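Colleague: For any residue, its number in the numbering used here is found by taking its place in the sequence shown, counting from 1, and adding 1. Cβ atoms here follow ideal geometry from the backbone N, Cα and C, with glycine treated the same way. For clarity, every value in this text was computed on a predicted model and none was experimentally measured.
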Amino acid sequence: MCDAQAEPLTTEEAQGCIDEFADCGVQGMFLSGGEPLLKKDLLEIISYATDAGIAMFMCTNGILLSEKRTRDLKQAGLKGIYVGVEGINPSAQDRFYGGPGGTLKKKLEGIRESVQAGIHTGIDFCCTADNYTQLPEVISLAQNLGVNTFSLRRFVPVGRGETNRDDLWMDPECYQEVIDSYCVHILHPEKIEFMSLDPLVTARLSEIKPLSFYESPCNIGAWIAMTHSGDLVPCPYLPLSVGNIREESFSDICKNSTVLADLKNKTLLKGRCGTCELRYNCGGCRASAYNVTGDYLAEDPNCWKVAHVEEGQ
Ligand code: SF4
């Protein structure tokens, strides 16, 4: 597991990591949180990585994106900003973030600043049992704001999500309906590009158009995330440390990790995912499997095919 209390990497340590990443051929990095805009050395890190040839992107709650911040970020070399918007209802958005009121208004202002600055801007929608009915309106909002991309994410019961799991967990049948409606946007995009890293979107696209071949853009096992203190994890939502950059080199960790090798090997999948005809282009969400069962190779608990097996269909 990762240690949330561990000492964060210093700027020099972070720059050392970037050197290692660049030597290993890393081409892109996403900064996320916590909240990256609270990081004092953010601009320094972005420009250092950009100079090293790594394309930099940032996932943020958007609240602190002012005209000056977006201009500075662009100058530092930032290539894209992705803001989470979880509804069009201001009180629901405040409830989701748990902070002071006015979250949605500030987010929208931040998104406008990013678009205005000419930075590639996307909206991420984390779908939960509490907000899924608002998806069509959030999509319309994104189209009106003139962002470049819209991305559907699923709720994964990790971190604070684990505490609120009973209120937020998506029932598989309901999530299938959400994905069905979302696939229409992917297949017939209007104004903006629609995407999703959720393997179940790939699975549904394959079922809707069986003769087409879709491969999940979720590259679990091949990509890697790093925590504030240098723990490397397979995905930000799969908090299983495969090594720490303060103790081992990045390349050694990637080369020697059994967990990363297992995650790339779809023949190891278990349960319904292990026998599914779509396992090589879907493979299920490994983070959901891990956080629900403790086994990163278990079947995907949000999948309707898994639910049907449990019902004996
Ligand atoms: S059973 Fe697993 S591999 Fe098959 S569609 Fe569901 S999540 Fe994807």
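Between Q117 and K256, what straight-line distance do the alpha-carbon atoms span, to the nearest angstrom?
Modeller: Looking at the two C-alpha atoms, the distance is approximately 42 Å.
Colleague: When burial is assigned at 16 or more other CB atoms within 10 Å of the CB, is L212 buried or exposed?
Modeller: Exposed is the call here.
Colleague: Could you have a look at H1 and say whether DSSP puts it in helix, strand or coil?
Modeller: It is not possible to answer for residue 1, since the shown part of the chain is limited to 2 through 314.
Colleague: Pairs of beta-carbons, one from the stretch 169-187 and one from the stretch 220-233, closer than 8 Å: are there three or more?
Modeller: They do not touch, by the three-pair rule.
Colleague: Give every residue of the same chain whose Cβ lies closer than 8 Å to the Cβ of P173, excluding the five residues on either side of it in the sequence, and list them in chain order.
Modeller: These residues qualify, in order along the chain: P302, N303, C304, W305, V307 and A308.
Colleague: Going by DSSP, what residue range makes up the alpha helix (DSSP H) through Y291?
Modeller: Segment R287 to T294, the alpha helix (DSSP H) holding Y291.
Colleague: If you follow the alpha helix (DSSP H) that V260 is part of, which residue opens it and which one closes it?
Modeller: Run containing V260: T259 to K265, per the alpha helix (DSSP H) assignment.
Colleague: Run through the stretch 195-281 for me and flag every whole alpha helix (DSSP H) of 4 or more residues, listed as ranges in chain order.
Modeller: Those alpha helix (DSSP H) runs which fall completely within the stretch 195-281 and span 4+ residues are 200-209, 251-257, 259-265 and 272-276.
Colleague: At the 9 Å Cβ level, is T164 part of the contact set with chain C, yes or no?
Modeller: Structure shown: chain C not included; a single protein chain is present.
Colleague: Taking only three categories from DSSP, how would you classify D301?
Modeller: Three-state DSSP puts D301 in coil, outside helix and strand.
Colleague: With the cut-off set at 9 Å, would you say K316 and I64 are in Cβ contact?
Modeller: With the chain covering 2 to 314 only, the question about residue 316 has no answer from this structure.
Colleague: Give every residue whose Cβ lies closer than 5 Å to any heavy atom of the ligand SF4, listed in chain order.
Modeller: Output, sorted by chain position: A204, R273, C274, C277, L279, R280, C283, G285, D301, C304 and K306.
Colleague: Please report the residue range of the alpha helix (DSSP H) in which G17 lies.
Modeller: Looking at the DSSP string, the run of the alpha helix (DSSP H) that includes G17 is T12 to D24.
Colleague: Return the CA-CA distance between F393 and L201, expressed in angstroms with no decimal places.
Modeller: Within the shown structure, residues of the chain are numbered from 2 to 314, placing residue 393 beyond reach of any answer.
Colleague: By a C-beta neighbour count over all protein chains shown, 10 Å radius and 16 as the cutoff for buried, is C274 buried or exposed?
Modeller: It is buried - the Cβ of C274 has at least 16 other Cβ atoms within 10 Å.
Colleague: Taking 9 Å as the threshold (C-beta atoms), are T150 and E191 in contact?
Modeller: Result no, Cβ atoms of E191 and T150 do not sit closer than 9 Å.
Colleague: Can we say the stretch 120-137 touches the stretch 258-277, given the rule of at least three CB pairs closer than 8 Å?
Modeller: The stretch 120-137 vs the stretch 258-277: no contact.
Colleague: Using a Cβ-Cβ cutoff of less than 7 Å, which residues in the same chain neighbour T71 once the five nearest sequence positions on both sides are dropped?
Modeller: Cβ neighbours of T71 beyond the five flanking positions: E114, S115, A118 and I120.
Colleague: Return the chain-ordered ranges of every beta strand (DSSP E) run that is complete within the stretch 92-144 and spans a minimum of 3 residues.
Modeller: Qualifying beta strand (DSSP E) stretches, in chain order: 121-128.
Colleague: Expressed to the nearest angstrom, what Euclidean distance is found between the alpha-carbon atoms of S92 and R247?
Modeller: In a straight line, the C-alpha of S92 is about 42 Å away from that of R247.
Colleague: Could you compute how far the alpha carbon of E208 sits from the alpha carbon of F214?
Modeller: C-alpha separation (whole angstroms): 10 Å.
Colleague: Under a three-way DSSP split, which group does C283 fall into?
Modeller: It is coil, neither helix nor strand.
Colleague: Report all residues from its chain with a CB closer than 8 Å to the CB of Q94; omit the five preceding and five following residues, and keep chain order.
Modeller: If we look at Q94 and ignore the five residues flanking it on each side, its Cβ neighbours are V86, E87, G88, T104, L105 and K108.
Colleague: Can you tell me where the alpha helix (DSSP H) holding S33 begins and where it ends?
Modeller: Looking at the DSSP string, S33 is not in any alpha helix (DSSP H), and its letter there is neither H nor E.
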